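Counting in this note's numbering, the sequence shown runs from 2 upward without gaps. C-beta atoms are modelled at their ideal positions from N, C-alpha and C, and glycine is treated no differently. Predicted model, so just to flag it, every value in this text is computed and none were measured. Read through the structure below, which is laid out as structure tokens, and then see the notes.
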Amino acid sequence: MKAMADRTSDSPLSRLVRERLGAMGVRPSTDDIVHVLHQAIVRGLLAPGLALRQDELAGLFQVSKIPVREALRTLQAQGFVELQLNRGAIVKPLTLAQLRDAFDLRLMIEPHLMRTAAPRLTPAMLDQAEALIQDMDDAADAWRFSECNTRFHDLLYAPADLPLSRSILAMLQGHIQRMSFMQLSLAGFNRSSNEDHRTIVAACRTGDALAAARAVGVHVQSVRDIVLALYLRHHAEAG
Numbered sequence: 002m003k004a005m006a007d008r009t010s011d012s013p014l015s016r017l018v019r020e021r022l023g024a025m026g027v028r029p030s031t032d033d034i035v036h037v038l039h040q041a042i043v044r045g046l047l048a049p050g051l052a053l054r055q056d057e058l059a060g061l062f063q064v065s066k067i068p069v070r071e072a073l074r075t076l077q078a079q080g081f082v083e084l085q086l087n088r089g090a091i092v093k094p095l096t097l098a099q100l101r102d103a104f105d106l107r108l109m110i111e112p113h114l115m116r117t118a119a120p121r122l123t124p125a126m127l128d129q130a131e132a133l134i135q136d137m138d139d140a141a142d143a144w145r146f147s148e149c150n151t152r153f154h155d156l157l158y159a160p161a162d163l164p165l166s167r168s169i170l171a172m173l174q175g176h177i178q179r180m181s182f183m184q185l186s187l188a189g190f191n192r193s194s195n196e197d198h199r200t201i202v203a204a205c206r207t208g209d210a211l212a213a214a215r216a217v218g219v220h221v222q223s224v225r226d227i228v229l230a231l232y233l234r235h236h237a238e239a240g
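In structure tokens form, the structure reads like this:
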């Protein structure tokens, strides 16, 4: 089992924690720790199979072990961490079956959200969505692109007022981001995704909710095909 190899004060994880602590200006809560560790796993700063030592994490976040332990339990419930009896926690590997399941669920949830939200989107909201598409075009790195992409879909789906569907979707996206972040070329993903994004916004501007939902379904299926192919290629090369 791998241990937390990056223990230096200037590791990527340490920098991420400092950014978060600096932005808050206060001692981090359990939710803050969950947010940082989730982001670190998605971005590949904490690799699959890595052992997560509670004492090291407590020192990094400058808290006791109690909020760290609670954060790890939350991440376990979300499927990102595995707590092993008498062996501590490890970053849970992402399986092909999990990816397929996540995309199958997205294909059910996202068109439904879009179909419900489309009639309630205002011209101002769609202007914001187009501005986020431009931000994705201009993104200098994969994480910035990913953040804008999440904001884009959140913006379009929010008027549906379906909090449970959106909560499930947020959990699914984290798992899918893990693979796309490791493998997808930002340039290629940017081009294909943003073409889809423009098609979705154009359908919303016409007021055609069914066309908007179909465009979202095509988009999710396209991303699914890319991510699954890259996963299979990555594991073939690793094997």
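Cutoff 6 Å; reference residue i; Cβ partners in own chain excluding five residues on either side
| i | result |
| --- | --- |
| Leu73 | Val82, Ala90 |
| Ile212 | The amino acid occupying residue 212 in the given sequence is Ala; Ile does not appear at that position. Excluding positions up to five away in sequence, the list reads Ala204. |
| Leu47 | Ala41, Val92 |
| Thr31 | Pro68, Glu71, Ala72 |
| Arg21 | Val37 |
| Leu84 | Gln77, Ala90 |
Residue closest to residue i, alpha-carbon to alpha-carbon, out of the options
| i | options | result |
| --- | --- | --- |
| Gln174 | Ile67, Gly60, Gln63, Leu100 | Leu100 |
| Ile177 | Asp226, Val202, Arg54, Leu156 | Asp226 |
| Phe153 | Val43, Asp197, Leu14, Glu20 | Asp197 |
| Lys93 | Ile169, Ala78, Leu106, Phe104 | Ala78 |
| Ala119 | Met137, Asn87, Leu157, Asp139 | Leu157 |
| Gly50 | Asp102, Leu229, Val18, Thr96 | Thr96 |
| His39 | Arg206, Leu86, Met172 | Met172 |
| Met126 | Leu106, Asp105, Asp142, Asp155 | Asp155 |
| Asn195 | Leu231, Cys149, Arg215 | Cys149 |
Status (buried if at least 16 other CB within 10 Å, exposed otherwise) for residue i
| i | result |
| --- | --- |
| Val27 | exposed |
| Ala6 | Here the model assigns Ala6 a pLDDT of 48, short of 50, so the residue's position is not dependable, and the following value carries that caveat. Classification of Ala6: exposed, given that the 10 Å Cβ count is below 16. |
| Ser168 | exposed |
| Asp33 | buried |
| Pro29 | buried |
| Asn87 | exposed |
| Ala103 | buried |
| Arg179 | buried |
| Asn98 | Checking the sequence, you will find Ala at residue 98 rather than Asn. Ala98 is exposed by the Cβ-count criterion. |
| Leu249 | Any question about residue 249 goes unanswered here, given that the chain covers just 2 to 240. |
| Leu170 | buried |
Close Cβ partners of residue i (< 7 Å) along its chain, the five nearest in sequence each way excluded
| i | result |
| --- | --- |
| Val217 | Glu111, Pro112, Met115, Ile201 |
| Arg192 | none |
| Arg44 | Trp144, Phe182 |
| Leu163 | Leu114, Thr117 |
| Thr207 | none |
| Arg121 | Pro160 |
| Ala59 | Ser65, Lys66, Val69 |
| Leu17 | Val37, Gln40, Ala41, Leu46 |
| Arg199 | Ile134 |
Beta-carbon contacts of residue i that lie in its chain and below 8 Å, excluding the five residues immediately before and after
| i | result |
| --- | --- |
| Leu108 | Gly218, Val221, Gln222, Arg225 |
| Val35 | Ala72, Thr75, Leu76 |
| Ala159 | Ala118, Arg167 |
| Arg209 | Just to set this straight, residue 209 is Asp in the shown sequence, not Arg. Here the set comprises Ala119. |
| Thr151 | Gln174 |
| Leu229 | Leu97, Leu100, Arg101, Phe104 |
Original post:
Three or more C-beta pairs closer than 8 Å, one from the stretch 112–123 and one from the stretch 222–239: is that the case here?
Top reply: By the criterion of at least three beta-carbon pairs nearer than 8 Å, the stretch 112–123 is not in contact with the stretch 222–239.
**OP:** Indicate whether the contact test is met: 3 or more Cβ pairs, each with one atom in the stretch 132–143 and one in the stretch 57–64, closer than 8 Å.
**Re:** no
**OP:** Please go through the stretch 56–135 and give each complete beta strand (DSSP E) segment of 3 or more residues, from N-terminal end onward.
**Re:** Whole beta strand (DSSP E) segments, 3+ residues: 82–85, 89–92.
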